Each structure stands twice: as C-alpha cells, then as structure tokens.
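Residue numbers (the numbering used here): 573 to 1003. We put the CB at the ideal spot given by N, CA and C, even for glycine. None of these values were measured; they are calculated from a predicted model. Written out below as structure tokens is the structure these notes cover.
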C-alpha cells in the first residue's frame, strides 16, 4: 500500500510531459486532466506515508553503524510518530517537489524496502539521491518535525563526554591538517570506502569568523563518488560534496582531538574526531583518524587513513598496520579506497573550494560508456515500464554489489600481513 501511495503521489500537475520529464506516473497512469485540491491532498499524504515508512524502518546515519531507531520502532509503522498535516502545511513545497521528481519518490520507496539494511540503503542513495530527496528529508525530519523520530539530543558531545579513543591521541593543530588530503584506507564499509575521496582543509576567511567559528576552526570540503547504474541508462557517476566545520578542542581533559558538524543525505551529523596516529619524519605523510558520531536518529563509528597523494603510502604501511592493531582494528580488513579518478585528466570546471554554510551538492556526471542507444518506438511507454520496474524492484542486490566491488587490503598481494612490501617475484607468484 505504501508503494502504491508512492506511485500515486508522483503524478504531477501537468499530464503532457511524459514520464521522463519529472513525475513518475503521468500520462500513462493518471486519469485526471488537471490538478485539484483532493488530488493534491492525496499526493501529499502519499509522500508522507512513504517518507514515514522509510525513516521508521532504516537508520539514516552517515556510517550506518548502529540501529537505535529500528530498535525503538520494532520494525513496525507507528502512526503516532507522524504528523501528516505537517507535510501539507510546514513542508508543502518540499513535499510537492519530491512528488514531482521520479527519483525522489523512488528513493523514498527504495529505502523503505531496505527495512533497516544499511548496505541496501547506501545503494538506494547511490541510485536515486537528489536535491529534492535531501530537501524533503531535511524539512520533515529536522526542520519541522513532521516525522518525530529524533531519539538523540541534537548538537555535539562535550569534550569530556565524548567516547574515549581506542588508542592515545597524538598532538594535532589546524596547521597540521591544512591543505588537501586523500582517504586511502577505510574501516567502515558503509561510509569510509566510497570512491575518489578528497578532503580539503582551510582556515575560514576573516569575514566569516564569529562566535561559533573561532581561530581553531577549519572549513572542510569532503568529496566522494559512487557509481550510479539505472535501468535502461548508461552508467554514470554520483558525486557529492559536503562542507563541514572542524573545531579543534582545547578543553583540559578532552577525550577527542576535534569535533565536526555537517549534513549528508539531507540530515545533520555531529562527529568526534580522534587523531590516533601519524607518520614519522622518515615516512610519507599520513594521518590515522578514528571517529564516532551521531545524527538525530543513530550513532556510528569509523576510521580512515589520510595521505597527501591519492595512493597508499607504501613506505608507511607497516606503521599504519601497527597503529590499527593497537587500536583494536584489523588493518587487512580495511578497504583500499579507489582514487584512480584523480589521476585521470578532466576538462570539467572545478567548483569553489568552500561555501560558508554546510551543505551538499549532488551532480550527476555521465561516465565513459560504449553503450549504443537502442531505438524505441514508444519511448514514453518504455520509460514508464522502467520507472515502474525501479519502483517495485528489490534494492538489496545493488547495495551488496557496491560492497562487493570494494578492494580490501588483504587482496593486495604486494603487501604482507604486516604491511611490508613483498619482493616482486614473490607477490607475482601468489595465486
């Protein structure tokens, strides 16, 4: 019923544009010639139902590490947590925009079917995330509380209440992180292993320094990519850019190095960062960062290794492996982030390095493809068939496929279990 509501809710206010333009079900599925109040009400309530189910059945934390929300709801729909009238009054524009975007409706329905499966949910965002989806999530969950599922206290942890680090901290200053870093290894397969991860750190401009942006604050631009593969379309690349504020802690007895705030998939997150290792003077530069975090719905944790180049710092791997094991993590299970995109030439104009507000931009950039387009005698009907298929398909296989494509350190034969490089003749002979 929820999915049928999603299909109904996506009929747009114009029936002549065809399926491929905006709404999921227009010419071939709507029996009306023009909008009217009762249809607009149905449209809003349908999106409210799908959004409610999606948010009540899966965690929306960046790393998807814990599932307090599913435990609270017991994986069942709780109508008392939803205020349907709020969609039509407080979030009318965001709800209407989502209803008119086939990807937004598909994204809500896709994530609802994941039933709390984090791997599945990541696949849904990789395929369908867009600005309309993020806007409706932000409005209905955070800004207006149409869906009342905030089980965490908003805002960052205090320095002394943050979880303890898994290993003693190493000294760090804003200057030590200045510039561009690449994530080359990741611990959490749901968040730390996206392709093409580059983080750029910069001091805020003097004009934007205020009471909440002090001299120990860094602006952070976070870039990553995921493959977007859709029914009947050439493969493309989903690119996202996040902007965060990283505040270094100076409170005596602080458990963490710094804390940060940003927004991902439409929802705000707060994180504690712990610098638990870095290179010696003889090694190529790296930083080993462990983090814990939360959204209004869940808690999570992860870890990653920064390097100055988009490749594994081979000479420092034994040291990195040692740090990981001392922190209770097995380094051979880390993923090796695929950063080969940074070595490929590009003619695309680069966006501004920073914006003053934490936000996310979603850009769909077609990937190189040799797919030959097939001629279709009835393109609108073919698009309708593809849309319906995507709406009702099982989303789990694509999420599993994204995880399967990740390359783990134990798969890289050039290095042994302690991170030392093997002789060429040895690793070439390894089956």
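Comparing alpha-carbon positions, which option in 990, 834, 885 and 986 lies nearest residue 726? Comparing alpha-carbon positions, the option among 990, 834, 885 and 986 lying closest to residue 726 turns out to be 834.
Where residue 677 falls: helix, strand or coil (DSSP): Residue state for residue 677 is assigned as helix, using DSSP reduced to three classes.
I'd like to confirm the pairing. Which residues does DSSP put opposite residue 907 in its beta bridges? For residue 907, the pairing in a beta bridge is given by DSSP as 758 and 980.
DSSP beta-bridge partners for residue 719? Answer by DSSP bridge pairing, in chain order: 654.
Would you tell me roughly how many angstroms separate the C-alpha atoms of residue 695 and residue 994, rounded to the nearest one? If you draw a straight line from the Cα of residue 695 to the Cα of residue 994, it is about 36 Å long.
In chain order, which beta strand (DSSP E) runs of at least 3 residues are fully inside the region 803 to 827? 808 to 820, all fully within the region 803 to 827.
Excluding the five sequence neighbours on either side, which residues of its own chain have a C-beta within less than 6 Å of the C-beta of residue 958, listed in chain order? Correct list, in chain order: 803 and 804.
Under 8 Å between C-beta atoms of residue 700 and residue 668: Contact: no.
Between the Cα of residue 910 and those of 897, 884, 771 and 822, spot the shortest distance and give me the residue it belongs to. Selected option, being the one with the closest Cα: 884.
Classify residue 961 as buried or exposed, calling it buried when 16 or more other Cβ atoms lie within 10 Å of its own Cβ. Exposed, since its Cβ has fewer than 16 Cβ neighbours within 10 Å.
Count the other CB atoms within 10 Å of the CB of residue 737; is the residue buried (16 or more) or exposed (fewer)? Buried.
Counting C-beta neighbours from all protein chains within 10 Å, is the total for residue 882 16 or more, i.e. buried, or is it exposed? Residue 882 comes out buried.
Following the continuous beta strand (DSSP E) through residue 697, name the residue where it begins and the one where it ends. First-last for residue 697: 690 to 700, but that is the alpha helix (DSSP H), not the beta strand (DSSP E).
I'd like the list of long-range same chain contacts for residue 692, defined as Cβ closer than 7 Å, with 5 residues on each side in sequence excluded. Excluding residues within five positions, the ones whose Cβ falls inside 7 Å are 686, 967, 968 and 971.
Nearest neighbour of residue 868, chosen from 988, 890, 887 and 841 [CA to CA]: Comparing Cα positions, the closest option is 841.
Unbroken alpha helix (DSSP H) run spanning residue 748, endpoints: Segment 746 to 749, the alpha helix (DSSP H) holding residue 748.
Residue 986: first and last residue of the uninterrupted beta strand (DSSP E) it sits in: Note, residue 986: premise wrong, no beta strand (DSSP E); not H, not E.
Cβ neighbours of residue 915 in the same chain (closer than 6 Å, five flanking residues each side left out): Shown here for residue 915: not one same chain residue has a beta carbon closer than 6 Å to its own, the five before and five after excluded.
Buried or exposed by the 16-neighbour rule on C-beta atoms within 10 Å, applied to residue 865: With 16 or more Cβ atoms within 10 Å of its Cβ, residue 865 is classed as buried.
Output the boundary residues of the beta strand (DSSP E) element that contains residue 767. Residue 767 -> beta strand (DSSP E) spans 767 to 774.
If you pair each beta-carbon of the region 809 to 817 with each one of the region 848 to 864, do three or more pairs fall below 8 Å? Result no; under three Cβ-Cβ pairs closer than 8 Å.
DSSP on residue 795, reduced to helix/strand/coil? The answer is strand: DSSP assigns residue 795 an E or B state.
Take residue 779 and list the residues in its own chain whose beta-carbon comes closer than 6 Å to its own, dropping the five residues that flank it on each side. With a pLDDT of only 46 at residue 779, under the threshold of 50, the placement of this residue in the model should not be trusted; the figure read from the coordinates follows. Cβ within range, chain order: n/a, list empty.
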